[in-house]
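The next block holds one structure in the form of structure tokens; read it before the comments.
This is the structure in structure tokens:
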């Protein structure tokens, strides 16, 4: 029952309500993310409840995909509330943006979005506890202090627990979130502590907490077979024969639409045991109309890119100074063509979703990173209102950006409506690899010129990328502020686009995961052309500390500091390394984080690459909220990048994906994983996120290390080790 | 046809297709969801269980091949001292990111410690390289295996 609502401003307000047992419920409207371009109206967010026994329940609003958000966001509330972590219980919220505000996992945005707002929610709760105690004792609130979920009045030596006070607090005026007093960082007792994942005790026992584990009474299983060529349509299928196979309850053709992210054509098979229906699937005979994408292939894209690079870019993104003249004046000019492949996300948990359609409404259990767009797409596909879609967010076995898309939710909901029973749709690994939204491939044709003093005076990139419709394909764009823009007097960035029928989308550190490789590798080539140490060349290029124009703002001083730190920690230039062992350096700014990384790698005479060690220096602001989770994310992101560089690439042939499983798309394995030493440089800047920004620099640092070890430059990923063999 | 198998100390009788992999018997017939589906091809190790203490990929183990071998899954690995030590070390080291592969990692690690109580890095590479962790928590998995190896049963009493 809501007892009071106090509006302190149009955008910020706090609701207080009593819950059963005399508890306190706090809900807060949070200000919009400062970095967000799209203006949204004020939205409701997080809440706290406190039971009479002092147990604090904190709702975790965002999807957990392994980034540790279910632990980290409640830490912000609990610390300011001033309770002991051992008394905190965390519950996963369902999708309810009216109540919680935006709920998604992407862009490493949770920290910058929630750092102050969720602390204010906790601080408001603490202030109400003090107010309740002060009223009870008839003493000034200013004489009361809190610790460990207890309010104390030192003068009269009295104390009351939050559990004692919760009911009374619920009847008091609620504070203005904009003016609640936050702790000084020196007073943090939870923030900054290396706390462990809150779901981990259940995971090590194998408890069923992932999407694939969902079980609903009367539930059936489904597989969905789509055209191997993207966008292909079903002409006919032997569904009657499939229905007769063991374990099959139903089989039917689904006619989807033309939305590349939505429901596509395919054949659904439904039954009581997933393995049986997936076996029946092998007997499917489908006639497809493969459509226009059947003419596309990776080989064709590459030759197309090479042709386009012979001409001028179709579109200029930036043109500073007079690049053509500057190249004629340069002492050394380097030209190089770089390329990177399409990549799949390969989350360990294959895509799945459970849905139950009844009475015009659908209930969904989804391992999703982006539940609201998923609910909206389900609603529009089924022709119902979004209000009639309930989404339970289930722990995701990895995300990496794949679960920002909602295709699996739409498929499950559609099949569930057809069957009238609860249905769990589960994809195979082959489905997952062959029906992804891929990191787009890219082709970069660089030219750089340094003067006689080794200074970079001219730089150009003709980027051949992909289009969909009249604009860049998803996550295939380059912006005019890409480093080293604004730091080189003569600089041209231009693009030419190849039409693409293959779906693309954000993969961990989207755009940056490819751009970091090509730009920081080519910068390394220029350092060598200039006869300069690669660290020194980069420091010279960054120049004196300044904030460059553009969004997000790039502070060269912050990058200098992490570059200098990583050089120091890695012993850059100081160690004598064995033959065919080298160190490489790179930096990259993404997701508001400043990362400089050094890789030491050894290359066998066969060409096989061993990554010996990685050093990382990072500046993500003034506070590492959970040092254990933070280090884990940074190490994982770096190893993820190394895995992609060594063993991953999706090949398109006749409009379909060639690879099927982990034998040809190879994530890093234990025997390949080097130690990763992580150093956080804390600076007086707002804390920012860590899921992604450690990834981009590790790929060029590795390739630059391979150059240092062998004199051979890696300009194409994944690394072809046969080209690195000793000759 | 009917198969009588011993799973986590309990005899179960199942009437299923003999080709059905143990993974799907566990997950969909016996509702033991801790064992995970990752690739269906024996390439990722997410589905690792023990047959008579040996780590096997349950997605590549037809139910008809199990016979009298004793099946142990993640749900019961904590009933052994090694399993309990590994679970405790996994939590102490805070290994987990998404956690999806970790049941398989723990089962492989338990088989390793049973055979090699104090594994070297090379032993760990040999036993664990078949288990993919897409979040790449390998540094911590390695540390946790070493920590578990160094623990005594006393350390994990009551966990």
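Chains as they are written, first to last, in our numbering: chain A, 1 to 727; chain B, 1001 to 1159. Just so it is clear, CB atoms sit at the ideal spot from N, CA and C, and this is done for glycine as well.
Taken in chain order, the whole alpha helix (DSSP H) runs of length 4 or more contained in the stretch 316 to 383 of chain A are 323 to 329, 371 to 382. Two segments are said to touch when three or more pairs of C-beta atoms, one from each, lie closer than 8 Å; by this definition the stretch 1132 to 1142 of chain B touches the stretch 1091 to 1099 of chain B. Counting only residues of its own chain and dropping the five nearest sequence neighbours on each side, residue 189 (chain A) has a CB closer than 7 Å to the CB of 79.
DSSP, read as helix, strand or coil, puts residue 59 (chain A) in strand. Those residues of the stretch 589 to 607 of chain A placed with their C-beta closer than 7 Å to a C-beta in chain B do not exist. Taking a beta-carbon distance threshold of 8 Å, residue 1046 (chain B) counts as an interface residue toward chain A. Apart from sequence neighbours up to five positions away, the residues of its chain that approach residue 647 (chain A) with a beta-carbon distance below 8 Å are 665, 666, 667, 668, 718, ordered along the chain. Within the same chain, and ignoring the five residues on either side of residue 289 (chain A) in sequence, the residues whose Cβ sits closer than 6 Å to its Cβ are 233, 235. Spatial neighbours of residue 484 (chain A) in its own chain (CB-CB distance under 8 Å, excluding positions within 5 residues in sequence) are listed in chain order as 456, 459, 491, 519, 523, 541. When rounded, the separation of the alpha-carbon atoms in residue 391 (chain A) and residue 413 (chain A) is 11 Å. Under the three-pair Cβ rule at 8 Å, the stretch 543 to 562 of chain A counts as touching the stretch 586 to 602 of chain A. Annotation for residue 490 (chain A): the continuous beta strand (DSSP E) segment containing it runs 490 to 499.
Close partners of residue 370 (chain A) in chain B (Cβ separation under 8 Å) are lacking, with about 16 Å as the shortest Cβ gap. In the three-state scheme derived from DSSP, where H, G and I count as helix and E and B as strand, residue 1132 (chain B) is classed as coil.
In chain order, 152 place their CB closer than 6 Å to the CB of residue 145 (chain A), counting only its own chain and leaving out the 5 sequence neighbours on each side. Cβ contact annotation for residue 426 (chain A) (same chain, cutoff 6 Å, sequence separation greater than five): 274, 352, in chain order. Contact between the stretch 324 to 340 of chain A and the stretch 629 to 640 of chain A is absent: fewer than three C-beta pairs spanning the two stretches fall below 8 Å.
Using beta-carbon distances, residue 635 (chain A) counts as an interface residue toward chain B, with a partner under 8 Å. The beta carbon of residue 716 (chain A) is closer than 6 Å to those of 339 in its chain, skipping five residues each way along the sequence.
Relative to the Cα of residue 1083 (chain B), the nearest Cα in the group B:1157, B:1002, B:1027 belongs to B:1157.
For residue 199 (chain A), the chain B residues whose Cβ falls inside 9 Å of its Cβ are 1096, 1099, in order along the chain. Rounded to whole angstroms, the gap between the alpha carbons of residue 445 (chain A) and residue 474 (chain A) is 21 Å.
Between the alpha carbons of residue 49 (chain A) and residue 58 (chain A) lies a gap of roughly 7 Å. CA-CA distance, residue 1121 (chain B) to residue 613 (chain A), rounds to 15 Å. When C-beta distances to chain A are compared with 7 Å, the residues of the stretch 1074 to 1088 of chain B below that value are 1074, 1075, 1078, 1087, in chain order. Counting only Cβ-Cβ distances below 7 Å, residue 1033 (chain B) has contacts in chain A at 208, 213, in chain order.
Contact between the stretch 1055 to 1065 of chain B and the stretch 370 to 386 of chain A is not established, with fewer than three Cβ pairs separated by less than 8 Å.
Ranked by how close their Cα comes to the Cα of residue 67 (chain A), the residues A:662, A:649, A:671, A:633 have A:633 in first place. Apart from the 5 residues on each side of it in sequence, residue 72 (chain A) sits with its Cβ closer than 8 Å to the Cβ of 110, 111, 625, 626, 629 in its chain, given in chain order. Straight through space, the alpha carbons of residue 1150 (chain B) and residue 1108 (chain B) are spaced by roughly 17 Å. Short of 8 Å from the beta carbon of residue 415 (chain A), and not among the five residues preceding or following it, lie these beta carbons of its own chain, in chain order: 222, 224, 254, 268, 270, 355, 423, 425. The CB of residue 1119 (chain B) never comes closer than 7 Å to any CB in chain A; the least such distance is about 12 Å. Residue 1116 (chain B) and residue 1110 (chain B) have their C-alpha atoms some 10 Å from each other. If the five residues before and after residue 527 (chain A) are omitted, its C-beta is found closer than 6 Å to the C-beta atoms of 534, 537, all from its own chain and listed in chain order.
The stretch 1076 to 1096 of chain B makes contact with the stretch 202 to 215 of chain A: 3 or more CB pairs, one atom from each, lie closer than 8 Å.
At a cut-off of 8 Å, the C-beta of residue 1062 (chain B) has no neighbouring C-beta in chain A.
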